[in-house]
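Quick note, the sequences are listed as chains A and B, same order. Going by the working numbering, the first sequence opens with residue 2, and the numbers climb by one from there. Going by the working numbering, the second sequence opens with residue 2, and the numbers climb by one from there.
Number of protein chains: 2
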Amino acid sequence: MKPVNEIDKTVTLFKLFSDPTRLKIIAMLVEGEYCVHEIHDTLNISQSSVSHQLAMLRERNVVKTRREGKLIFYSLKDEHVKELFETAYAHANEC
Amino acid sequence: MKPVNEIDKTVTLFKLFSDPTRLKIIAMLVEGEYCVHEIHDTLNISQSSVSHQLAMLRERNVVKTRREGKLIFYSLKDEHVKELFETAYAHANEC
DNA sequence: TTGACATATGAGCGACCGCGCATATATAAT
DNA sequence: ATTATATATGCGCGGTCGCTCATATGTCAA
């Protein structure tokens, strides 16, 4: 039987992926690096909401940022996120 | 850019895994087949709560049931669930 | 059929959280 | 300095959802 606190960490990870707004953002970042207003425009999500969700993803170490003038570019911090997304996406849509 | 409704299906899947009670149940069912009161006893979750969560997992086609007398045994419906759980569990606990 | 055990289910409450709104901060251009 | 653009953040509301409680249903034994 797996330790409860490791299950809880896994829950925390799943929670991050279990909101449509966040998952759309994650799906977009799987494709590459984008700044906030590109995400806002592409996904039709308000600037406030995008910023809120990106802040959460940043706190949880899912994404990293890079400033370039007025723009802040977001990208995935590592490949784990991508792999987990791809695995779930495949399973959710194959049967 | 991935279609929105397929993202939404993926969200639905992630939501299923993003509650501690459900994920503990899922983690237990990854190990084998168990009846309701075994889950109740092992995980220290109320009988009502276990039944509610199992009902949800049944509706979403994550688990299947088998009756044996008064007992109803639950098990995972396919290997997808197991794979997704293992992938997330590994990533959540390795860094 | 009555009682005990196993499981399911409906109702209602409370907590969590994503969102919009307003505003703050940061950078660059004039 | 002022203005415009880009992004971040605090607050409060509303919806969602997991829980408890009570009760229903199902199965078996006596």
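All C-beta atoms, glycine included, are put in the ideal place defined by N, C-alpha and C. Fair warning: this is a prediction, and the values are worked out from it, not measured in the lab.
Would the beta-carbon of L55/A be found less than 7 angstroms away from any heavy atom of the ligand FMN? By its list of ligands, the structure shown contains no ligand whatsoever, and the ligand FMN lies outside what it can speak to.
Partners in chain A for S19/B, counting only beta-carbon separations shorter than 8 angstroms: In the second sequence, the residue the question calls residue 19/B occupies position 18. Residues of chain A passing the Cβ test: V12, F15, K16, F18, S19.
For I26/B versus Q54/B, is the C-beta distance shorter than 8 angstroms? As a first step, residue 26/B must be located in the second sequence, where it is residue number 25. As a first step, residue 54/B must be located in the second sequence, where it is residue number 53. Cβ atoms of I26/B and Q54/B: closer than 8 angstroms.
Check E34/A in the structure and name its three-state DSSP category. If you number the first sequence from 1, residue 34/A lands on position 33. In the structure shown, E34/A adopts coil according to DSSP, grouped into three states.
On the three-state DSSP scale, how would you describe V63/A? Residue mapping note: residue 63/A aligns to position 62 of the first sequence, counting from 1. In the structure shown, V63/A sits in coil (DSSP, three-state: anything other than H, G, I, E or B).
For the alpha helix (DSSP H) that contains F15/A, what are its first and last residues? If you number the first sequence from 1, residue 15/A lands on position 14. Element bounds for F15/A: 5-17.
Would you say Y90/A faces chain B, with C-beta separation under 8 angstroms as the test? Residue numbering aside, residue 90/A sits at position 89 when the first sequence is read from its first letter. Taking Cβ atoms only, chain B reaches closer than 8 angstroms to Y90/A, which makes this a yes.
Cβ closer than 8 angstroms: which chain B residues qualify as neighbours of D42/A? Reading the first sequence from its first residue, position 41 is the one you call residue 42/A. In chain order: nothing, as chain B lies at least about 12 angstroms away.
DSSP on I119/B, reduced to helix/strand/coil? Here chain B comprises residues numbered 2 to 96, so residue 119/B is not present and cannot be evaluated.
Using a Cβ-Cβ cut-off of 8 angstroms, state whether H53/B counts as contacting chain A. On the second sequence, residue 53/B is found 52 positions in, with the first residue counted as 1. Not an interface residue.
Cβ of A56/B within 8 angstroms of any chain A Cβ: For the purposes of this step, residue 56/B is identified with residue 55 of the second sequence, where counting begins at 1. False, the Cβ-Cβ gap to chain A never drops below 8 angstroms.
Could you tell me which of A91/B, E84/B, N94/B, T43/B sits nearest to L14/B, measuring between CA atoms? By one-based count along the second sequence, residue 14/B stands at place 13. Among A91/B, E84/B, N94/B, T43/B, the Cα nearest to that of L14/B is on E84/B.
Opposite F74/B in the DSSP bridges: which residues? Against the second sequence, residue 74/B aligns to sequence position 73. In the DSSP assignment, F74/B is bridged to C36/B, R67/B.
Indicate whether at least one CB of chain A lies closer than 8 angstroms to the CB of K71/B. Here residue 71/B refers to the residue found at position 70 of the second sequence. No, K71/B lies away from the interface with chain A (no Cβ there is under 8 angstroms from its Cβ).
Is it right to say T43/B is buried, meaning 16 or more other beta carbons lie within 10 angstroms of its own, or is it exposed? For the purposes of this step, residue 43/B is taken as residue 42 along the second sequence, with counting starting at 1. So T43/B counts as exposed.
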